[in-house]
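Undergrad: So for the sequence shown, full-length UniProt numbering puts the first residue at 1; every next one is plus one.
For glycine and all other residues, C-beta sits at the position ideal for the given N, C-alpha and C.
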Amino acid sequence: MLQRSYNGIIFLNDSIKRVIGVFLYLPPQKSSYMSTSPITQDKNSYKIRNWKEYNKSLCQRGSLTLWLEDSVLQEWESTSKKKKEVGEQTYSDSIIQCCLLMKINYRLKLRQSTGFMQNLFMLMGKSDYAVPNYSTLCRRQKSLPVAIRNRLVSGEKLAIGIDSTGLKVYGEGEWKVRKHGWSKHRTWRKLPICIDLDTQEILSVELTGNEEDDATVASKMLDGKTGNILRFHGDGAYDKFGFREVLGGGIEQIIPPPKNAVIQKANGKKPLPDGRWNT
Numbered sequence: 001m002l003q004r005s006y007n008g009i010i011f012l013n014d015s016i017k018r019v020i021g022v023f024l025y026l027p028p029q030k031s032s033y034m035s036t037s038p039i040t041q042d043k044n045s046y047k048i049r050n051w052k053e054y055n056k057s058l059c060q061r062g063s064l065t066l067w068l069e070d071s072v073l074q075e076w077e078s079t080s081k082k083k084k085e086v087g088e089q090t091y092s093d094s095i096i097q098c099c100l101l102m103k104i105n106y107r108l109k110l111r112q113s114t115g116f117m118q119n120l121f122m123l124m125g126k127s128d129y130a131v132p133n134y135s136t137l138c139r140r141q142k143s144l145p146v147a148i149r150n151r152l153v154s155g156e157k158l159a160i161g162i163d164s165t166g167l168k169v170y171g172e173g174e175w176k177v178r179k180h181g182w183s184k185h186r187t188w189r190k191l192p193i194c195i196d197l198d199t200q201e202i203l204s205v206e207l208t209g210n211e212e213d214d215a216t217v218a219s220k221m222l223d224g225k226t227g228n229i230l231r232f233h234g235d236g237a238y239d240k241f242g243f244r245e246v247l248g249g250g251i252e253q254i255i256p257p258p259k260n261a262v263i264q265k266a267n268g269k270k271p272l273p274d275g276r277w278n279t
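1) In three-state DSSP terms, what is Ala237?
2) Would you call the CB atoms of Val153 and Lys225 closer than 8 Å?
3) Is it buried or exposed for Ala218, if we count other Cβ within 10 angstroms and need 16 for buried?
4) May I ask you to report which of helix, strand or coil DSSP gives Ile251?
5) Going along the chain, which residues of its own chain have a beta-carbon closer than 7 Å to the beta-carbon of Asn133, five neighbours each way excluded?
6) Return the chain-ordered list of same chain residues with a C-beta closer than 7 Å to the C-beta of Met117, the five sequence neighbours on each side being excluded.
7) In this structure, how does DSSP classify Ala261 when only helix, strand and coil are distinguished?
8) Going by the CB atoms, is the gap between Leu207 and Leu191 shorter than 8 Å?
9) Thinking just about the alpha-carbon of each residue, which of Val205, Gly227, Phe241 is nearest to the one in Ala215?
10) Given a cut-off of 8 Å, decide if Phe232 and Gln200 are closer than it, judged by their beta-carbon atoms.
11) Taking only the alpha-carbon atoms, compute the straight-line gap between Met124 and Asp70 and give it to the nearest angstrom.
12) State the Cα-Cα distance for the pair Ile160 and Ile251, rounded to the nearest angstrom.
13) What three-state label does DSSP hand Ser204 in the structure shown?
14) According to DSSP, simplified to helix, strand and coil, what is Tyr170?
15) Entirely within the UniProt domain "Transposase DDE" (60–172) and at least 3 residues each: give me those beta strand (DSSP E) ranges in chain order.
16) What distance in whole Å lies between the Cβ atoms of Leu158 and Arg151, which are believed to be in contact at a cut-off of 8 Å?
17) Beta-carbon separation of Asp235 and Ile193 under 8 Å?
18) In the DSSP assignment, what residue or residues form a beta bridge with Lys190?
19) Should Val205 go down as buried or exposed, given a rule of 16 or more other Cβ atoms within 10 Å for buried?
20) Go ahead and pull the three-state DSSP assignment for Lys30.
21) Using CA atoms only, rank isn't needed, just tell me which of Arg49, Ser78, Trp67, Ala237 is closest to Glu212.
22) Within this structure, are the beta carbons of Val169 and Arg139 separated by less than 8 Å?
23) Whole angstroms is fine: what's the gap from Ile195's alpha carbon to Met221's?
24) For the putative contact between Gly171 and Lys184, defined by C-beta atoms under 8 Å, what is the C-beta separation to the nearest angstrom?
25) Assign Trp76 to buried or exposed, taking buried as 16 or more other Cβ atoms, counted over all protein chains shown, within 10 Å of its Cβ.
26) Leu230: buried (16+ other C-beta within 10 angstroms of its C-beta) or exposed?
27) Please go through the same chain and pick out, in chain order, the residues whose beta-carbon is closer than 6 Å to the beta-carbon of Met34, but skip the five residues on each side of it.
Dropping the structure here:
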């Protein structure tokens, strides 16, 4: 009978104890490049020490505070008491806008928005206020005139940033192009977006073709609107002489220059690369 001992020696018959071979058992080892375990790196862990303030901030996240303008409540009160005439709208635009703002802020459906406003007025002791139903909200929101404030023109002190993204309107998928190359012409559009860096609010948007560079489009977006801008942030695509002149010296320009950039000389001429001379 063949037996294998734990030390790797094979014996034939326990009674004879004659060694007929030696077998070295080496377990299979996984190569390091085949390892599927994630590589963990030491991270600087943030330790919370102000537990009292942190606890209050977590509780504050669930607080609910609503401010309704007195003019809106007065319109609501007059609407509830007024008798509707034939062909006249029951609810004013401000009432519809108030309901839709609640819908957007709390991510509600139209029916849920109606129930939310009814319950809110019940808690305020104004259960007699009439709330527009969901069909009225759906119909009126399509034609509701909304005044959008242009903060670039209104004279506010802003810190802005501009960047653009690409929108493909025709062509193949990116995975197919990376894997097998392109076989059809792809058509792109560029979407430059200007935002307020403090509030993340979108201030201006343009849609251009792929042939215009980012600095030229940004110059058009900020034409005549740079009087109250404090700071501008942008990537290297906006490091152009013409665009920097549009911003002017009164705006802090946070734009990374290229690696081979040199300081402009005092004579106002553009610096020449090394090894080239005026002729």
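TA: With the structure as the only source:
1) helix
2) yes
3) buried
4) In this structure, Ile251 counts as coil in the three-state DSSP scheme.
5) Thr114
6) Cys99, Met102, Val131
7) Coil at Ala261, not helix or strand.
8) yes
9) Residue Phe241 is the option with its Cα nearest to Ala215.
10) Cβ distance not < 8 Å, so Gln200 and Phe232 don't count as in contact.
11) Straight-line Cα distance between these residues: approximately 14 Å.
12) 11 Å
13) Collapsing the DSSP output to three states places Ser204 in a strand.
14) Assignment of Tyr170 by DSSP, reduced to helix, strand and coil, places it in the strand class.
15) 158–170
16) 6 Å
17) Contact: no.
18) The partner list for Lys190 (beta bridge, DSSP) reads Gly166, Thr208.
19) exposed
20) The predicted model places Lys30 with a pLDDT of 49, which falls under 50 and marks its position as unreliable; any figure quoted below should be read in that light. Residue state, collapsed to three classes: coil.
21) Ala237
22) Contact: no.
23) 12 Å
24) The pair is a contact, with the Cβ atoms about 6 Å apart (cut-off 8 Å).
25) buried
26) exposed
27) A caution first: Met34 carries a pLDDT of 49, below 50, which makes its placement in the model too unreliable to give a value.
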